[in-house]
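A.B. asks: Right, I'll just put the structure down here and ask away after.
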Amino acid sequence: MISERDMMHDGESASGGAIAIIMVWKLMQLAAVLCLLFLLTPGLLAQSRMTEAGGAWRGWEELVKPSVVYATITGDTAAYDGWGSPRREVGTFAQGETVEVVRDYNYQWYQVRADDGREGWVPVDKLAIPADPETNVERLPVELVEAFVNMQGFTSKTDQLVWVDIDRQLTYVFVGQAGNWTLVRTMPCATGKNVSPTLRGLHETAERGEWFFAERFGEGAENWVQFSGPYLFHSLPMDRHRTIVDYTLGERRSAGCVRLSMEDSHWFYSFIKRGSTVFVN
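Residue numbers for the sequence shown follow numbering that gives the first Met the number 0, so the first one is 0 and each next one is one higher.
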């Protein structure tokens, strides 16, 4: 026969077991919340740094601005499939149209693009290209630089990523993988002038060399790394005797390449791997 004492004991055991289960469940919930906070902390920190001292919210579109060169068509003109001869007419642009300057050839021909997608090469005498803008001297905190590239979802064939911020005239180098890029070096640079803009978009590092000299420009440079056709990362420009002819960094100054200091160009040449993604904005 089961006594009243036994029944009370069984009831206490059942009650204790239920309490234990509830406590374990609460602990599991707490652990889940802590894990979520751990994952969100970098993003929340980055968002907090996007608020100015005055309290005004600043979005990415204000902090990271694409450096598009816009020009005005000065007279009705045909657009061609290239700058060389023979060339084929692929469309027209009308006087007064605003177009994006994509790239140039020898300051004489320009590949331009309209908002409606029309694209082609036009001669320089049909374009009014504005003067170079001032460099944005406001540097982003490291956590915002990393947050920006990570939210873009950039991938790379290597464990390295390069971001050329034309607006700030800075080149950032990251290591890691998609969604988890870590900044390892920030380098002042000099990108192309408005009349010879650096090619924007996503590219990839390719060939490299210790020295080149371009007769048509009368200049050369050391430690070059190609990222798109004739567009290179390289050292300060030099004459044929390897004497530096221009020390300018921090403003648009080149013929389209990304110019780095002697020290930074050597580091970049030695460090960056072939096939690394390059983002130019």
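Note that CB positions come from ideal geometry on N, CA and C, so glycine has one too.
1) Among H265, R239, G228, which residue has its Cα nearest to the Cα of R215?
2) With a 10 Å radius around its C-beta and 16 neighbouring C-beta atoms as the bar for buried, classify E145 as buried or exposed.
3) Within the same chain, show all residues whose beta-carbon is closer than 7 angstroms to that of Y106, passing over the 5 residues directly before and after it, in chain order.
4) State the Cα-Cα distance for the pair G274 and V148, rounded to the nearest angstrom.
5) With DSSP collapsed to three states, give me the class of N179.
6) Reducing DSSP to helix, strand and coil, say where H265 ends up.
7) Specify whether the stretch 244-260 and the stretch 199-209 touch according to this definition: at least 3 beta carbon pairs, one from each stretch, less than 8 angstroms apart.
8) Given that a residue counts as buried once 16 or more other Cβ atoms are within 10 Å of its Cβ, and exposed if not, what is G217?
9) With a threshold of 8 angstroms, are at least 3 pairs of Cβ atoms found where one atom belongs to the stretch 169-187 and the other to the stretch 81-92?
10) Within the stretch 176-235, note down every full alpha helix (DSSP H) run reaching 4 residues or more, in order along the chain.
11) Along the chain, where does the beta strand (DSSP E) that runs through E99 open and close?
12) For L169 versus M186, is the C-beta distance shorter than 8 angstroms?
13) For G81, which residues from the same chain have a beta carbon less than 7 angstroms from its beta carbon, with the 5 sequence-adjacent residues on both sides left out?
14) Look up D164 in the DSSP assignment and give the residues it is bridged to.
15) By alpha-carbon positions, which one of L139, F153, G116, W108 ends up nearest to I128?
16) DSSP on W59, reduced to helix/strand/coil?
17) Assign Y230 to buried or exposed, taking buried as 16 or more other Cβ atoms, counted over all protein chains shown, within 10 Å of its Cβ.
18) Looking only at its own chain, which residues have a Cβ that is under 8 angstroms from the Cβ of S2, when we skip the five neighbours before and after it?
19) Identify, in the order they occur along the chain, each residue of the same chain with its Cβ nearer than 7 angstroms to the Cβ of M261, setting aside the five sequence neighbours on each side.
20) Measure from the alpha carbon of D166 to the alpha carbon of each residue in T97, Y104, E61, then state which is nearest.
21) In angstroms, rounded to a whole number, what distance separates the CA positions of D158 and R112?
22) Work out the CA separation of C256 and F211 for me, nearest whole Å.
C.D. replies: Judging by the given coordinates:
1) Here residue 215 corresponds to residue number 216 of the sequence shown, with the count starting at 1. When each option's Cα is compared against that of R215, the closest is R239.
2) Walking along the sequence shown from the start, residue 145 turns up at place 146. By the 10 Å Cβ count, E145 comes out buried.
3) What you label residue 106 is simply residue 107 of the sequence shown in a count that begins at 1. Leaving aside the five residues that flank Y106 on each side, the residues in its chain whose CB is nearer than 7 angstroms to its CB run, in chain order, V123, V194, S195.
4) Working through the sequence shown from its first residue, we reach residue 274 at position 275. Working through the sequence shown from its first residue, we reach residue 148 at position 149. One alpha carbon belongs to G274, the other to V148, and they sit about 18 angstroms apart.
5) Here residue 179 refers to the residue found at position 180 when the sequence shown is read from its first residue. Strand at N179.
6) The sequence position of residue 265 within the sequence shown is 266, counting from 1. The three-state secondary structure of H265, taken from DSSP, is helix.
7) A contact between stretches requires three or more CB pairs, one per stretch, nearer than 8 angstroms, and the stretch 244-260 fails this requirement with the stretch 199-209.
8) Reading the sequence shown from its first residue, position 218 is the one you call residue 217. Burial is judged here by how many other beta carbons sit within 10 angstroms of a residue's own beta carbon; G217 has fewer than 16 and is exposed.
9) The stretch 169-187 makes no contact with the stretch 81-92; the number of CB pairs closer than 8 angstroms stays below 3.
10) Counting only runs of 4 or more residues that sit fully inside the stretch 176-235, no alpha helix (DSSP H) segment turns up.
11) As a first step, residue 99 is located in the sequence shown; it is residue number 100 there, counting from the start. Per DSSP, E99 belongs to the beta strand (DSSP E) from 97-104.
12) Along the sequence shown, one-based indexing puts residue 169 at 170. Along the sequence shown, one-based indexing puts residue 186 at 187. A contact, by the Cβ cut-off of 8 angstroms.
13) Counted from its first residue, the sequence shown places residue 81 at position 82. If the five residues before and after G81 are omitted, its C-beta is found closer than 7 angstroms to the C-beta atoms of W120, all from its own chain and listed in chain order.
14) Within the sequence shown, numbered from 1, the residue matching residue 164 stands at position 165. DSSP links D164 through a beta bridge to L169.
15) Taking the sequence shown and counting its residues from 1, one reaches residue 128 at position 129. The closest CA to that of I128, considering only L139, F153, G116, W108, is found on W108.
16) Counting from one through the sequence shown, the residue named residue 59 turns up at place 60. It is helical.
17) In the sequence shown, counting from the first residue as 1, residue 230 sits at position 231. Classification of Y230: buried, given that the 10 Å Cβ count is 16 or more.
18) As a working note, residue 2 is residue 3 in the sequence shown. Confidence at S2 is low in this model, with a pLDDT of 45, below 50, so the placement of that residue should be treated as unreliable; the coordinate-derived value is given next. Correct list: empty, nothing qualifies.
19) On the sequence shown, position 262 is the one that residue 261 refers to. So the list reads S234, L235, once near-sequence residues are dropped.
20) Here residue 166 refers to the residue found at position 167 when the sequence shown is read from its first residue. Of the listed residues, the one whose Cα sits closest to D166 is E61.
21) Looking up residue 158 in the sequence shown gives position 159. Looking up residue 112 in the sequence shown gives position 113. Each residue's alpha carbon lies about 33 angstroms from the other.
22) Along the sequence shown, one-based indexing puts residue 211 at 212. Along the sequence shown, one-based indexing puts residue 256 at 257. Their backbone Cα atoms lie some 13 angstroms apart in a straight line.
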